[in-house]
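**Student:**
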Amino acid sequence: MERFTLYRNFYEQTEIKDATAALDSLNHQNTRYNRWLYNKNNSLKRIKENPFGFVSYLLGKIPFFLFFFAPFFAVFFSLIYFRKGHTYMEHLVFIFHIFGFVFLGMLICLLPDLLLGDDIFTAILLLFIGPFYFYKALRNFYQQNRIITILKFLLLNIIFNIGIFIVAILFFGITAATY
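Using the numbering used here, count along the sequence shown one by one with no gaps and you end on 179.
(1) For the alpha helix (DSSP H) that PHE82 lies in, which residues bound it at each end?
(2) Determine contact between the segment 124-135 and the segment 36-54, defined as no fewer than three beta-carbon pairs at a distance below 8 Å.
(3) Can you tell which of LYS48, ILE148 and PHE69 has the C-alpha that lies nearest to the C-alpha of LEU170?
(4) Which of helix, strand or coil does DSSP assign to ILE169?
(5) In terms of residue numbering, what span does the alpha helix (DSSP H) encompassing ASN39 cover?
(6) Excluding the 5 residues preceding and the 5 following PHE77 in the sequence, name in chain order all residues of the same chain whose CB lies nearer than 6 Å to its CB.
(7) Among THR31, HIS86, TYR38 and LYS17, whose alpha-carbon lies nearest the alpha-carbon of ALA177?
(8) Buried or exposed for PHE103, please, with buried defined as at least 16 other CB atoms from any protein chain shown within 10 angstroms of its CB.
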């Protein structure tokens with residue numbers, strides 16, 4: 001982190017874009033890692049100049065992010081529903097089913113959002129319809145009573161929110177590093 005800060009300060013003072021020339025000026029070794037680290041300043045500059053471009057790039061990566069997050073989430077389903085006799089793959093397919101509903105719902109909600117210029121439909125889906133559908137899907141797939149399903153629904157939501165927060169930070173960092 002120290003080195004990156006040094007490179008960033010040097011980049012801002014000198015505006016030298018060529019990593020090899022900058023490393024030579026700083027008397028640092030011309031290693032692949034140092035060049036990569038110095039070149040991240042160009043990415044930071046692009047993000048500062050066009051934050052909406054970065055957000056658009058980030059939003060385009062969300063399906064891949066969820067695709068790779070689903071197997072970790074399926075582990076928690078396996079632990080919580082271990083007595084039901086479902087295999088890990090069945091939990092994983094169920095999670096992809098839920099994610100598919102969310103993506104399809106968001107796609108359908110984009111049409112009124114584009115026509116009206118308001119994000120109210122997507123907000124309603126995410127805040128009300130999505131959790132309701134998730135609860136009903138848990139109840140139908142795992143065939144448990146309402147109280148047990150509600151408790152497991154709440155537990156899974158807590159786990160999902162904590163997990164998604166941690167993974168989102170990693171995802172944001174990796175995306176910013178590769179932008």
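We put the CB at the ideal spot given by N, CA and C, even for glycine.
**Tutor:** On the basis of the data shown:
(1) Stepping through the sequence shown from its first residue, residue 82 is reached at position 82. From DSSP, PHE82 is part of no alpha helix (DSSP H); its letter is neither H nor E.
(2) no
(3) As a first step, residue 170 is located in the sequence shown; it is residue number 170 there, counting from the start. The option with the nearest alpha carbon to LEU170 is PHE69.
(4) One-based indexing of the sequence shown puts residue 169 at position 169. In this structure, ILE169 counts as helix in the three-state DSSP scheme.
(5) As a working note, residue 39 is residue 39 in the sequence shown. Segment 32-49, the alpha helix (DSSP H) holding ASN39.
(6) The residue labelled residue 77 in the question sits at position 77 within the sequence shown. Answer for PHE77: HIS91, listed in chain order.
(7) What you label residue 177 is simply residue 177 of the sequence shown in a count that begins at 1. Per the Cα distances, TYR38.
(8) As a working note, residue 103 is residue 103 in the sequence shown. By the 10 Å Cβ count, PHE103 comes out exposed.
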